[in-house]
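S.K.: Submitted below is the structure of interest, expressed as structure tokens.
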Amino acid sequence: MEKTCADEFPLTVDSSEKQGVVCIFGTGDFGKSLGLKMLQCGYSVVFGSRNPQVSSLLPRGAEVLCYSEAASRSDVIVLAVHREHYDFLAELADSLKGRVLIDVSNNQKMNQYPESNAEYLAQLVPGAHVVKAFNTISAWALQSGTLDASRQVFVCGNDSKAKDRVMDIARTLGLTPLDQGSLVAAKEIENYPLQLFPMWRFPFYLSSGLCVFFFVYCAIREVIYPYVTGKTDSTYRLVVSIPNRVFPITALTLLALVYLPGILAAILQLYRGTKYRRFPNWLDHWMLCRKQLGLVALGFAFLHAIYTLVIPIRYYVRWRLRNATITQALTNKDSPFSSSTAWLSDSYLALGILGFFLFLLLGITSLPSVSNMVNWREFRFVQVRTVVSQDICWISWRKHIPTTHFPTLKPSHKRTHNTIISDPVAGPQEQAAADRTLSIWLRQGPAGSKLRSLNLLMLAPPSL
Ligand SMILES: Cc1cc2nc3c(=O)[nH]c(=O)nc-3n(C[C@H](O)[C@H](O)[C@H](O)COP(=O)(O)OP(=O)(O)OC[C@H]3O[C@@H](n4cnc5c(N)ncnc54)[C@H](O)[C@@H]3O)c2cc1C
Ligand SMILES: NC(=O)C1=CN([C@@H]2O[C@H](COP(=O)(O)OP(=O)(O)OC[C@H]3O[C@@H](n4cnc5c(N)ncnc54)[C@H](OP(=O)(O)O)[C@@H]3O)[C@@H](O)[C@H]2O)C=CC1
Ligand code: HEM
Ligand SMILES: [Fe+3]
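Going by UniProt numbering, 190 is the number at position 190 of the sequence shown; the sequence numbering is gapless.
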């Protein structure tokens, strides 16, 4: 039978299988945790310590010796000591010749020292093969079985045999080693644990920028414009109405920006006639933060769904409904039930809900744990259909807007078809204008893209 990767790297480590001896310098938090994990995985562990007699709480089965004695017991030495205390190694330089020295250290700040800790170590002990590894794994993760933490171990070093040995140890511990090249990469590896959401920065600034832009735009149209022209105070719209417009528009814009770079990349590859050339930096970075863009977009869609839930309990909405009822009673006019309006209003909401469901589906199928279970064709099948269905939901929804009789859709700029037709003071000219507008909207058809609808929405004059 053909041998698979899974056969080579069993999921659980058989601790009865004897591995070699590993020496760990330092009996601190990390040294102890790594030692315990190694013992569990079948290694013999020898600790090197400044005070071997007073070292306490060490994992059972491990030996503690002074540094020089411990070093003589193994070819592989893990240095679980902070960089500031490395000087003692200079004295041991002779006994460390030819050994594999694993630097696990991290710093307090990014670029704290001119050279990486691992390169500094290589200068201190020139005869040893220094390998950077394990610095992204926390002592806590080692103790808790690494089940709920990252398993990736970034490994770099100038000696490939030494690097291979370290990668083997990582695999035996149930971790996933990733070869990052020569020791020059140590600086970057040491910066990983100190980074604060680097891939989230661009999506964060972009979505903040979009929100501010749409918010100001809507505030001008819905608050400042009515105030300047009719002295009406609509400032209350700043709290729910406008955010509930800004959030879904931002969500859709971000969603478009998740799929746009893939198209640009495909065009660029066709133009260049090869896929083996690096994308320009801006495109590369854009491609890499699509996951974050997608999740931020989903967050905004969530916000929109929650804001929509509160519409019926808003004072403004209840006031309008009450007023409409009283006016009808006083003027003794009833407004007959319109089946088509009910249809449109319901399908409008249903499309919103379906759109939201598809958004979630897109997010779920993009999760690596889910997408890893499907092949490329299956992934494309779901992604392409979901995006297209969402487009259709959205376009259909847009087409419904002018005829929807939703209570909140009646700020002055939203004198849409129905509200104008049912407005007793609307003259025939205004009704004809509303009919014209409606026919323009309906002619958009399925070919009208999201962007065109969005433009129409943005450019629609306040009298719409
Ligand atoms: C709500 C939401 C949540 C998301 N969450 C995540 C997440 O958790 N993790 C995550 O990684 N992403 C996530 N994303 C991002 C999203 O899954 C991907 O960015 C998206 O699937 C990329 O699709 P694409 O077709 O644009 O690009 P790609 O699949 O990168 O394709 C780009 C282009 O390159 C070509 N191409 C690429 N690969 C191949 C291939 N193997 N064979 C042939 N041609 C190829 C195709 O022409 C394609 O058009 C999320 C998105 C959303 C909306
Ligand atoms: N804790 C963690 O989660 C992680 C830690 N690391 C790295 O592992 C290394 C050790 O971290 P950690 O175990 O948390 O630190 P601790 O302070 O808990 O332990 C450091 C150990 O270094 C030894 N040491 C040697 N010389 C000195 C000295 N002059 N002064 C003080 N201690 C000395 C001591 O052992 P002894 O008394 O036996 O000599 C001490 O226990 C660091 O480089 C850290 O960046 C990396 C990833 C995660
Ligand atoms: C739970 C599902 C949803 C429901 C019930 C819903 C309902 C609504 C309602 C009632 C409005 C009108 C708000 C107002 O004018 O005060 C609205 C607006 C809007 N919705 Fe949704 N929606 C849902 C999901 C979505 C999703 C997933 C998107 C796409 C990201 C979306 C995009 C929009 C857009 C762009 C607006 C227009 C803002 C405007 O110009 O007024 N909706 N939605
Ligand atoms: Fe509008």
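Just so it is clear, CB atoms sit at the ideal spot from N, CA and C, and this is done for glycine as well.
#1: Are the Cβ atoms of Leu101 and Leu79 separated by less than 8 Å?
#2: Measure the alpha-carbon distance for Gly42 versus Phe134 and round it to whole angstroms.
#3: Output yes or no for whether 8 Å exceeds the beta carbon distance between Leu255 and Ala305.
#4: Would you mind listing the alpha helix (DSSP H) stretches within the segment 221 to 264 that are 4+ residues and don't spill past its ends, in chain order?
#5: Return the CA-CA distance between Gln19 and Leu89, expressed in angstroms with no decimal places.
#6: Let me check you understand the geometry: is the CB of Ser105 closer than 7 Å to at least one non-hydrogen atom of ligand 2?
#7: Please state the DSSP three-state secondary structure of Gly42.
#8: My parser needs the alpha helix (DSSP H) runs of 4 or more residues fully inside the segment 168 to 215; what are they?
#9: Which value, in whole angstroms, describes the spacing of the CA atoms of Trp167 and Ser160?
#10: Of all the beta strand (DSSP E) runs that stay within the bounds of the segment 21 to 68, which reach a length of 3 or more residues?
#11: Let me know the alpha helix (DSSP H) ranges lying completely inside the segment 116 to 140, each 4 residues or longer, listed in chain order.
#12: Could you give the distance in angstroms between the alpha-carbon of Ile220 and the alpha-carbon of Val317?
#13: Considering only DSSP beta bridges, list what Ile77 is partnered with.
#14: Assuming Gly294 is part of the alpha helix (DSSP H), what are its boundary residues?
#15: Classify Gly31 as buried or exposed, calling it buried when 16 or more other Cβ atoms lie within 10 Å of its own Cβ.
#16: For the alpha helix (DSSP H) containing Val370, name the first residue and the last one.
#17: Quick one: grab the DSSP three-state call for Gln108.
#18: Does the segment 202 to 215 come close enough to the segment 280 to 299 that 3 or more CB-CB pairs lie under 8 Å?
#19: Indicate, with yes or no, if ligand 3 has a heavy atom lying under 7 Å from the CB of Ser241.
#20: Ala265 to Arg314, Cα distance in whole Å?
#21: Evaluate Leu252 with the Cβ neighbour count: other Cβ atoms within 10 Å of its Cβ, from every protein chain shown; 16 or more gives buried, anything less gives exposed.
#22: Could you please give the first and the last residue of the uninterrupted beta strand (DSSP E) stretch that includes Glu154?
#23: In whole angstroms, what separates the C-alpha of Leu183 from that of Tyr271?
#24: Which stretch, first to last residue, makes up the alpha helix (DSSP H) that contains Asn323?
#25: To the nearest angstrom, how far is it from the Cα of Thr250 to the Cα of Thr325?
#26: When the Cβ atoms of the segment 343 to 350 are set against those of the segment 361 to 370, are three or more pairs found closer than 8 Å?
#27: Since Gln180 contacts Val155 with CB under 8 Å, what's their CB separation in whole angstroms?
#28: Taking buried to mean at least 16 other C-beta atoms within 10 Å of its own C-beta, is Glu222 buried or exposed?
#29: Do you know how far the Cα of Ala170 is from the Cα of His82?
#30: Give a single yes or no on whether Leu252 has its beta carbon closer than 7 Å to a heavy atom of ligand 3.
#31: Grab me the residues of Met287's own chain with a C-beta within less than 6 Å of its C-beta, minus the 5 sequence neighbours each way, in chain order.
M.R.: A quick look at the data gives this:
#1: Inclusion of Leu101 and Leu79 in the CB contact set at 8 Å is warranted, their separation being smaller than that value.
#2: Roughly 18 Å separates the two Cα atoms.
#3: The answer is no: Cβ separation not under 8 Å.
#4: Entirely contained in the segment 221 to 264, the alpha helix (DSSP H) runs reaching 4 residues are, in chain order, 225 to 230.
#5: Spanning the two alpha carbons is a distance of roughly 26 Å.
#6: Checking the Cβ of Ser105 against ligand 2 gives yes.
#7: In the structure shown, Gly42 adopts coil according to DSSP, grouped into three states.
#8: Runs of the alpha helix (DSSP H) lying entirely within the segment 168 to 215 and spanning at least 4 residues, in chain order: 186 to 191.
#9: Residue identity differs from the one stated: residue 167 is Met in this sequence, not Trp. Met167 and Ser160 have their alpha carbons spaced roughly 10 Å apart.
#10: Taking 3 residues as the minimum length, the beta strand (DSSP E) runs contained wholly in the segment 21 to 68 are 21 to 25, 44 to 49 and 63 to 66, in order along the chain.
#11: If we require 4 residues or more, the alpha helix (DSSP H) runs fully inside the segment 116 to 140 come out as 117 to 124.
#12: The straight-line gap from Cα to Cα measures roughly 22 Å.
#13: DSSP, once it has assigned bridges, lists Cys23 and Leu101 as partnering Ile77.
#14: Taken as a continuous stretch (DSSP letters only), the alpha helix (DSSP H) holding Gly294 covers Arg290 to Leu309.
#15: Buried, since its Cβ has 16 or more Cβ neighbours within 10 Å.
#16: Start and end: Pro368 to Ser371.
#17: Assigned with DSSP and collapsed to three states, Gln108 falls in coil, not helix or strand.
#18: Yes: at least three Cβ pairs fall under 8 Å.
#19: Indeed, a heavy atom of ligand 3 lies less than 7 Å from the Cβ.
#20: Rounded to the nearest angstrom, the gap between the Cα atoms of Ala265 and Arg314 is 46 Å.
#21: Leu252 should be labelled buried.
#22: Looking at the sequence provided, one finds Phe at residue 154 rather than Glu. Following the DSSP letters along the chain, one finds Phe154 inside the beta strand (DSSP E) bounded by residues Gln152 to Gly157.
#23: Straight-line Cα distance between these residues: approximately 37 Å.
#24: Element bounds for Asn323: Tyr315 to Thr331.
#25: If you draw a straight line from the Cα of Thr250 to the Cα of Thr325, it is about 36 Å long.
#26: The answer is no - the segment 361 to 370 does not touch the segment 343 to 350, with fewer than three Cβ pairs under 8 Å.
#27: Sure, about 6 Å apart at Cβ, within 8 Å.
#28: Glu222 should be labelled buried.
#29: So the alpha carbons of these two residues sit roughly 21 Å apart.
#30: The answer is yes for Leu252.
#31: Pro261, listed in sequence order.
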